[in-house]
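In my numbering, the protein residues as written are 1 to 277.
Before any comments, here is the structure.
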């Protein structure tokens, strides 16, 4: 196992070295660095919150929201759950004498710290499940070995935890599949009706759709904006699915050509389709 990890690390090193001498950077970070100092501290703060989620097998807390009392309370509860997971994880791993387990923990922590500072310096995107996957995988693997060796939890409980985690994350990602299918059919129908296959997409409406959550046993609710439930995000996913080479424009195009598909076109088409139904 150790030789396998060393081999993987060696080949990754060769890959990064090849990138550096070929394109001048390890992962084309020079072309993607965000120079906006206004978002630097916000991105760093979100990255720090992302790092705290490393020990949580169930959910990922994207940000600590304090814009309202309700969101503040919910955020405190969620981050407290993360801290509880850290507490039990440290207790389980603290007295483990297995060198391989310690090696996995060191790799997970070092990878997490390096990824944190890399994300902080580059400002490409917040630390999420995808960027922290390596650290999370090694950390949870070390935790699993330690639990099995010392019989902290029965295998049945582990299976239950894994099942709940898989079920929750699947539902969270899918959310409302019927909506996606409806949008997919509408976008594909609109694309087919155009003279040529669009090669550009521009979000000219910047439409934001908040999701309302009702707090159980109270008459209070709060709104949260999910990135992957926004029309622009959904349209991009569907268009890229149909045409992988389509380009997403950040700035308003100077010329209005039939090769560009606008979010306003899609929204107008969907509204007409809904009213017809």
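Backbone N, C-alpha and C fix where the C-beta goes; we use that ideal spot for every residue, glycine too.
As the structure is a computational prediction, the values presented were derived from the model and not from experiment.
Within 8 Å, strictly: CB atoms of residue i and residue j
{"i": "residue 202", "j": "residue 234", "result": "no"}
{"i": "residue 82", "j": "residue 111", "result": "no"}
{"i": "residue 165", "j": "residue 58", "result": "yes"}
{"i": "residue 70", "j": "residue 186", "result": "no"}
{"i": "residue 116", "j": "residue 204", "result": "no"}
{"i": "residue 108", "j": "residue 139", "result": "yes"}
{"i": "residue 54", "j": "residue 132", "result": "yes"}
Per-residue DSSP class, three states only, for residue i
{"i": "residue 197", "result": "coil"}
{"i": "residue 225", "result": "coil"}
{"i": "residue 212", "result": "strand"}
{"i": "residue 255", "result": "coil"}
{"i": "residue 248", "result": "strand"}
{"i": "residue 153", "result": "coil"}
{"i": "residue 37", "result": "Because the pLDDT of residue 37 is 45, which lies under 50, any placement of that residue in the model is unreliable, and the number read from its coordinates should be weighed accordingly. Three-state result, residue 37: helix."}
Own chain partners of residue i with C-beta closer than 8 Å, once the 5 adjacent residues on each side are dropped
{"i": "residue 7", "result": "none"}
{"i": "residue 98", "result": "145, 146 and 149"}
{"i": "residue 236", "result": "201 and 248"}
{"i": "residue 240", "result": "246"}
{"i": "residue 93", "result": "101, 105, 142, 143 and 146"}
{"i": "residue 252", "result": "202 and 204"}
Residues near residue i by beta carbon distance below 7 Å, same chain, minus five either side
{"i": "residue 44", "result": "120"}
{"i": "residue 224", "result": "210, 211 and 213"}
{"i": "residue 227", "result": "233"}
{"i": "residue 273", "result": "186"}
{"i": "residue 267", "result": "205, 207 and 231"}
{"i": "residue 180", "result": "234"}
{"i": "residue 215", "result": "70 and 221"}
{"i": "residue 37", "result": "A caution first: residue 37 carries a pLDDT of 45, below 50, which makes its placement in the model too unreliable to give a value."}
Residues of its chain near residue i, where Cβ-Cβ distance is below 6 Å and the 5 sequence neighbours each way are ignored
{"i": "residue 207", "result": "231"}
{"i": "residue 96", "result": "146"}
Supposed contact pair residue j and residue i - C-beta distance, whole angstroms, cut 8 Å
{"i": "residue 243", "j": "residue 197", "result": "6 Å"}
Test: residue i CB closer than 8 Å to a CB of chain D
{"i": "residue 7", "result": "Of the chains in the structure shown, none is chain D; there is only one protein chain."}
So does the region 246-266 actually touch the region 190-201, counting three or more Cβ pairs closer than 8 Å? yes
Check whether the region 69-79 touches the region 150-157, counting contact only when three or more Cβ pairs, one atom from each stretch, lie closer than 8 Å. no
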